[in-house]
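Worksheet: the structure to be examined is printed underneath.
2 protein chains.
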Amino acid sequence: MWKIQWQDKKELSLARQIFLSLRERILAGQLAAGERMPSTRELAGSLGVSRNTVCEAYDMLLAEGFTVSRQGAPTRIARDVCLDYRSAGVATAPVKPEADRLLWDFATGRPDVTLFPWKLWSKMLGEAACQLSPGQWGYSSPKGYELLCGEIARWLLRSRGMLVEPADVFITAGATQAFYLLAGLLHKTGAPFVLESPSHPAMYTVITDRGYPVQWLEVDEQGAMIDTLTESAVSAVYVTPSHQFPLGGILPAGRRAALIRLARDNDFYIIEDDYDGEFRYAGPAISPLYSLDASHVIYVGTFSKTLFPALRLGFVILPKPLQEKWRHYRKYMDVQNPVLEQAALTAFLRTRAMDKHIRRMRRCYGEKRSCFLQAVQKHFADSVCPWGDASGLHVALQFPGAEFGERFVEESRAAGLGIRPVNRLCPSLHKQHRDKLLLGYGHLNAGKIQEGMSVLRRLMERGDYGYVTRGS
Amino acid sequence: MWKIQWQDKKELSLARQIFLSLRERILAGQLAAGERMPSTRELAGSLGVSRNTVCEAYDMLLAEGFTVSRQGAPTRIARDVCLDYRSAGVATAPVKPEADRLLWDFATGRPDVTLFPWKLWSKMLGEAACQLSPGQWGYSSPKGYELLCGEIARWLLRSRGMLVEPADVFITAGATQAFYLLAGLLHKTGAPFVLESPSHPAMYTVITDRGYPVQWLEVDEQGAMIDTLTESAVSAVYVTPSHQFPLGGILPAGRRAALIRLARDNDFYIIEDDYDGEFRYAGPAISPLYSLDASHVIYVGTFSKTLFPALRLGFVILPKPLQEKWRHYRKYMDVQNPVLEQAALTAFLRTRAMDKHIRRMRRCYGEKRSCFLQAVQKHFADSVCPWGDASGLHVALQFPGAEFGERFVEESRAAGLGIRPVNRLCPSLHKQHRDKLLLGYGHLNAGKIQEGMSVLRRLMERGDYGYVTRGS
Ligand SMILES: Cc1ncc(COP(=O)(O)O)c(C=O)c1O
Ligand SMILES: Cc1ncc(COP(=O)(O)O)c(C=O)c1O
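Protein sequences appear in the order of chains W and R.
First residue of the first sequence: 1, per full-length UniProt numbering; consecutive thereafter.
First residue of the second sequence: 1, per full-length UniProt numbering; consecutive thereafter.
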């Protein structure tokens, strides 16, 4: 009865093994309520362990109420602790197979992290760790590290000419968290959220997960077609005016003004997602919608593209009427961002290491882009039309006459290519973008880009997607 | 008309200032649609800047569609870009007054971060930064850093005897994020969440924010009174069995078994919040409810108390049926935790620096606790009864006959004392804990603890809270 099942777990102390073994018997009802436990001396002798070890195990049983002990009397099994115990959660789960390896993965939204100044970043992390005060390692504000908010405001001024109060800058775990919180904050019963089609799936998903209605805004070469927006009762409008994701248009001033007028007349907020505004090759940065009317635009920024995605740092410039609710929801969602990266990013911005890094990356992405466009030219001549190549880390390629669906995805994967058709990002019924592919090149080197494009060409020649190759 | 308003902002390039100034005039309608812009040479001359500077500003206007330009023809103002522009968001917000300074802040949930091995942690952060591969700085899994999940499973085995599969460990931004996600995952229409009263406000807040019903479970010296749970249709039950927060009871085995039986019979999950199980002074760690039935218990752990709160790292051991949904919601909530701290924590656990730190802190908190209890004894003799002093970083003090409300909070704050009455954490109508105060001492040194208690005594002597002082 008192035999202990020794486990093959070196991590477990003998005392705990004894405890676990006895507890299992008590739970299973093999040791019944009121039953007397053997003395510690007795059990230690029979198990060949020290008496201290057994005492420790008995203390655990007693502390958790599996046994009762009254001064002088022997320890007994407590009442009502029997359970039809099944050992659960110990079985090994099937290990998920590793994502199939793609040789040429043209995924979007991936910066080239190999060129990030890791040494400098480590140094700044180390310095930040030394400089933070004990209070700052505790819970602080759901708004974010105040010095970082100030540096972000200064960075927005010098990089985009934005006039922003640090008091309105709220730090987030990436743009994704901003969208998540905004979906909850901006929803008005019965009024749809208006999203670009195609667009990034994050905003669409959080809105439909909550059961809120969505209305689509079609997109052309210049971005969202604002004049098709007829609904006046709207929860909010989500746009990417500096570089439409994924088709690359820059929203022209006329459409910007029209959108702001609509927002004012119908009293809704515009969510401006400026996810890669830094990487514009053909001229200076586009100034944001926010600058036109800070009271109707919620500007969302992220450091995922400029630094790296696993940093999970972004921010939102929040109109004052939303700030109190935001604080509440953020506090009970995850309290705040970790402090260390916030402090390091503060130094990265303050010392202008950011500016230098952006300049360098803009040059480097510009070269990758030329390489990419040359490869497109080589393999497809003028039969293919690149959209949105003036900025960012990706391009949409239009193959006139083609129609890309699941079969393309499967066949390209089988060939080692990772490429998404644009219409994967159009949950609306209008499928006018089915002749376009989306290719991210920011994280790839020239060799990969060139190889990948020649593989794509072979695939296009081989497969019948309705497009006739005309490359050299 | 073409006069530029130079700003006193050294951060802004001349070109951008020209651009901003012209844009403002266009938006305000002062420069009308179709109007011809001056030539770059002309404007440069009149402003006394280089022609390149003006060209740059013109490029910005053109890129954003404020102007149009056809080969050979002069640049003109675009149509439809006028806006009744008001400069918004530039006003300075009233700065929030700093939280009033408390001289003796007995807040709960604050570890003593001054004793954390910062040097070692910085080293581990630095090493982690060097070891992570480029792929790991990109977006990865919403589950968390796999090596960390493995180390957490090993840590739970050696510290609490828990058998956990790494595949079931999901990393979170603290326990708070786990509660937030679980509220959404576990809700069944019409079925209340059952919470301890009193309890930590996080779970209560996220549930009521979503409009879900709550049912209260009263708490006595031993923790939640499970036998008062009569409802059978329940969304989930939230408990703190290892150390009831805030009253400190250890849930006895009989109540544990009863709770598990209820969960099995009525098919609901139990959320086990083990927020400070490491710091038990009177014996070995309490083994968790999870070990009794891993298929009905969701175990939530956090590193906020063992390391520091601004780390924002915790975890949940998730039953398989919930894992897919969890991945989905986490992915669109904030994608994942930052990777660096996860990698450093992996090393902290792997090298057993964690075990050493916990041993040291347990000793240190044990001393603070003795100091605290001695001060209580000195000032209040046996007239005051400490609850839950066998573990954790806080104690609830019962002042028989007293009744603590808003007046106490105000008067103690005025005296420089930060102390919460327990009934602030009882949103239920039963106010049987109104004679108790909650005092966290983990972050305070002996001097602060002693001074604070003598201030409290003077306050209790002075104020009339229904309690008669009997200290020495
Ligand atoms: C258009 C767009 N917005 C937002 C994001 C979200 O970025 P994060 O949450 O990493 O800041 C992305 C990421 O790829 C994106 O492409
Ligand atoms: C009982 C209890 N649970 C959970 C938490 C949340 O901790 P975190 O979100 O920092 O992990 C706390 C914090 O004080 C707490 O007291």
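Glycine included, each C-beta is placed from N, C-alpha and C at the ideal position.
Fair warning: this is a prediction, and the values are worked out from it, not measured in the lab.
- Not one beta carbon of chain R lies nearer than 8 Å to the beta carbon of W:Cys371.
- By the rule that beta-carbons nearer than 8 Å mark a contact, R:Tyr275 does not touch chain W.
- Ligand 2 approaches R:Phe245 closely enough that one of its heavy atoms is under 7 Å from the residue's Cβ.
- Straight-line spacing of the CA atoms in W:Asn423 and W:Tyr212 works out to 22 Å.
- Burial of W:Asn337 is indicated by the presence of at least 16 other C-beta atoms within 10 angstroms of its C-beta.
- Taking 7 Å as the upper bound on Cβ-Cβ separation, chain R lies near residues Ala202 of the region 190–203 of chain W.
- When the Cα atoms are used, W:Glu196 and W:Gly301 turn out to be separated by approximately 18 Å.
- Rounded to whole angstroms, W:Met124 and W:Arg312 show a C-alpha spacing of 17 Å.
- R:Phe315 places its beta carbon 8 Å or farther from that of R:Val219.
- By the C-beta density criterion, W:Trp6 is exposed, having fewer than 16 other C-beta atoms within 10 angstroms.
- Inclusion of W:His394 and W:Thr108 in the CB contact set at 8 Å is warranted, their separation being smaller than that value.
- Under the Cβ criterion (8 Å, minimum of three pairs), the region 125–139 of chain W does not count as touching the region 348–367 of chain W.
- A contact between stretches requires three or more CB pairs, one per stretch, nearer than 8 Å, and the region 443–462 of chain W meets this requirement with the region 368–377 of chain W.
- Cβ-Cβ separation between R:Glu272 and R:Pro241: approximately 6 Å, consistent with a contact (criterion under 8 Å).
- Taken in chain order, the members of the region 203–214 of chain W whose beta-carbon sits within less than 8 Å of a beta-carbon on chain R are Thr205, Val206 and Asp209.
- By the Cβ neighbour-count rule, R:Asp435 is buried, with 16 or more other Cβ atoms within 10 Å of its own.
- 8 Å or more divides the Cβ of R:Ala253 from the Cβ of W:Val54.
- For the 8 Å CB-CB criterion, R:Ile298 and R:Ile270 form a contact.
- When distances are taken from the beta-carbon of W:Ala173 to the heavy atoms of ligand 2, even the shortest one reaches 7 Å or more.
- Under the Cβ distance rule, W:Val239 does not count among the residues neighbouring chain R, no pair being separated by less than 8 Å.
- A straight-line Cα-Cα distance of about 15 Å links W:Leu147 and W:Ile317.
- Taking C-alpha positions only, R:Arg362 is separated from R:His243 by approximately 15 Å.
- Annotation for R:Ser50: Ala44 place their beta carbon closer than 7 Å to its own, counting only its chain and skipping 5 residues before and after.
- In the displayed model, W:Asp220 falls within a strand according to three-state DSSP.
- In terms of CA proximity to R:Ala402, R:Leu437 leads the group R:Val376, R:Leu437 and R:Met453.
- In chain order, Phe193, Met203, Val206, Ile207, Arg210 and Tyr212 place their CB closer than 8 Å to the CB of W:Ala183, counting only its own chain and leaving out the 5 sequence neighbours on each side.
- By the neighbour-count criterion, in which a residue is buried when 16 or more other Cβ atoms sit within 10 angstroms of its Cβ, W:Cys149 is buried.
- At least one CB of chain R lies nearer than 8 Å to the CB of W:Arg79.
- Within chain R, the C-beta atoms nearer than 9 Å to that of W:Ser287 come from Arg16, Phe19, Leu20, Arg23, Met60 and Glu64, in chain order.
- Distance from the CA of R:Val468 to the CA of R:Ala282, rounded to the nearest whole angstrom, comes to 31 Å.
- Relative to R:Phe380, the option among R:Asp293, R:Leu27, R:Trp155 and R:Met460 whose CA is nearest is R:Met460.
- DSSP lists W:Gln398 as the beta-bridge partner residues of W:Lys436.
- At least one heavy atom of ligand 2 lies closer than 7 Å to the C-beta of W:Val335.
- Chain W has no Cβ within less than 8 Å of the Cβ of R:Gly442.
- Of all residues in the region 40–51 of chain W, none is placed with a Cβ closer than 8 Å to any Cβ belonging to chain R.
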